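Numbering (my numbering), first residue to last: -8 to 620.
Note that CB positions come from ideal geometry on N, CA and C, so glycine has one too.
Since we're looking at a predicted model, the values are computed, not measured.
Before any comments, here is the structure.
Below, the structure written as structure tokens:
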């Protein structure tokens, strides 16, 4: 179970009639993505994953379908379908563009190559030590360092060429260590040995990615989790130049899909936990607080203590915590207030649902209170019946399988990769506290006699600045994660955001909001492009945490002021309907835009700036030159 498992053990077993379901789907002229996705949410074998991936590749692509290019110095034919399956498991429709064996340089440097012509959103450079100029030279320090530098320059040139020709985001991959060494314990200490090469190359590659718009796939960490002796299969390399053991294909594909999902804003945001026999041993309603098993002194008590430590660590990196427990509310809270070994406290949870409703109903309520989709939730629950119920009723909620031993709960949860991240921002670190503070805002709203009085009592200040390097990572997060208050739901990579940032014909704005309760962080961003004498609002999105606070009016006012300064005559706005953004279908109408065309799936609007009247807004607007001002 967990990180060392090759078989995705946190997933449930596939249905016993998997073949029949797959056959029925294959016979359909137009198989549905959601039907196939349900099969992807199971622990599939290499063969099952291969056949399901072929089926998913037949499904008609949409505007949201992601294109991944795969360049490798090894044979990856069996990996491509598995990545499509793993992407579906993460809620992504994907196509994988593969190429012939060991055609990395030819594909990257030729503008007319298959990869560059495919206009991929992402290209994964899956290169191991056999694809780099790392000739062993034990003890020759200068030569060894030069070989690492040459290898990194080669990878840099591949990346730069791919970006130039296709505008993609490049995913760089570390190298798995080898199990065999020539010097034993000294192998990684002697310059010029292969283990030394790999360790130094990986270290420098990680540093380069950290300061760039590239993404990292840490294959070295994956192989070490599994065990490098299990990861490598010399017979498979000799047979068909397969880069790793075929049994590892589903796990490798899952790690690739995690990175893609994180880049597209599909990582989970909230961990919902059961209480009895999940956070502690025993049933608080029957055993009482004193009868709970938790804390040092027993293996079981320490196991539950580790679960709580894991939850606190997740919260510290921005994962929102919530409770869903079949319990009496007062009795459940008593455990947190009275048990001396309890690490988690009530204030660590943004929502606390202890009642006798079914788990699916509580999960919907939690998502609603946090203004999140249920596809942002992960449920940690020891009860297999509850897990099965939620998977059946709410298939978009992630529900990891848990082993019988609570000592392995944390490993199973973290191994599943639900909270994968491609960047870590200040807003990420503060997110859990921001959701908790939202409860105080809602309490104030309940005590106010009218909305205007409430909004003015918040003493809001909105700071506007153009896109810049400091805010870029958070801007990309917002663009790729925001679904509800998002007029066009266009998704942009960090490279594309940087292009808007540097364009003389684009207007950009990042918006931060502070009120009496604290800093909400960056809550909105806008991209406008020029079209004759108009600005076209290409992207306008806002965090749902600040809904109903008239922030959208402040944003429009700022856009209008900047447009007038540049001699713009009018603003054009577009709304494209999705299954999540219905709340903004009438935004342009409410803000005074005139309709150019209105259809069920989209509408187009225009605001003549001479007709715009500045509203009275209970928000102080501050214009800054950068996010740091």
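Residue 536 is not a Cβ neighbour of residue 563, given a cutoff of 7 Å. One thing to note: residue 298 has its Cβ within 7 Å of the Cβ of residue 401. Annotation: residue 409 is outside any alpha helix (DSSP H) and is labelled neither H nor E by DSSP. The alpha-carbon separation between residue 292 and residue 286 amounts to approximately 5 Å. Fully contained in the region 317 to 377 are the following alpha helix (DSSP H) runs of length 4 or more, in chain order: 320 to 329, 350 to 360. Counting along the chain, residue 42 sits inside the alpha helix (DSSP H) bounded by residues 37 to 49. Cβ atoms of residue 499 and residue 492 come within 8 Å of each other, at about 6 Å.
By the C-beta density criterion, residue 340 is buried, having at least 16 other C-beta atoms within 10 angstroms.
Taken atom to atom, the span from the alpha-carbon of residue 190 to that of residue 246 is near 20 Å. The beta-carbon distance between residue 369 and residue 354, rounded to whole angstroms, is 10 Å. This is too long to meet the 8 Å contact definition. Going by C-alpha positions, residue 155 is about 30 Å away from residue 50. The region 567 to 580 makes no contact with the region 501 to 518, as fewer than three CB pairs between them are under 8 Å.
The continuous stretches of beta strand (DSSP E) do not include residue 392, and DSSP gives it neither H nor E. One Cα belongs to residue 78, the other to residue 85, and the distance between them is close to 6 Å.
The C-alpha of residue 7 lies about 59 Å from the C-alpha of residue 525. Here residue 146 is actually not in contact with residue 153; their C-beta atoms are around 11 Å apart, not less than 8 Å.
DSSP places residue 527 inside the beta strand (DSSP E), whose first and last residues are 525 to 533. For residue 271, there is no enclosing alpha helix (DSSP H), as DSSP marks it with neither H nor E.
Residue 185 is positioned such that its CB atom lies no closer than 7 Å to that of residue 165. Burial state of residue 142 is buried, judged by a 10 Å Cβ sphere holding 16 or more other Cβ atoms. The C-beta distance from residue 240 to residue 453 rounds to 49 Å, too long to meet the 8 Å contact threshold.
The C-alpha of residue 62 is placed about 52 Å away from the C-alpha of residue 288.
Nearest to residue 542 by alpha-carbon distance, out of 243, 234, 386, 582, is 582.
If you draw a straight line from the Cα of residue 290 to the Cα of residue 109, it comes to about 55 Å.
Here the alpha carbon of residue 68 sits roughly 20 Å from the alpha carbon of residue 112. The shortest CA-to-CA distance from residue 461 to any of 442, 473, 415 is the one to 415. Note on geometry: alpha-carbon atoms of residue 75 and residue -2 lie some 17 Å from one another. Secondary structure at residue 249: helix, using DSSP grouped into helix, strand and coil. In the structure shown, residue 184 adopts coil according to DSSP, grouped into three states. Residue 67: not part of any beta strand (DSSP E); DSSP gives it neither H nor E. In summary, residue 450 is exposed, with fewer than 16 beta-carbon neighbours lying within 10 Å of its beta-carbon over all protein chains present. At a Cβ-Cβ threshold of 7 Å, residue 122 and residue 193 do not count as neighbours. The region 542 to 561 makes contact with the region 602 to 609, as at least three CB pairs between them are under 8 Å.
Three or more Cβ pairs closer than 8 Å define a contact, and the region 40 to 55 meets that threshold against the region 14 to 32. The beta carbon of residue 409 sits closer than 6 Å to the beta carbons of 259, 369, 389 from its chain, once the five residues preceding and following it are set aside; these are given in chain order.
When beta bridges are read from the DSSP output, residue 521 appears opposite 526.
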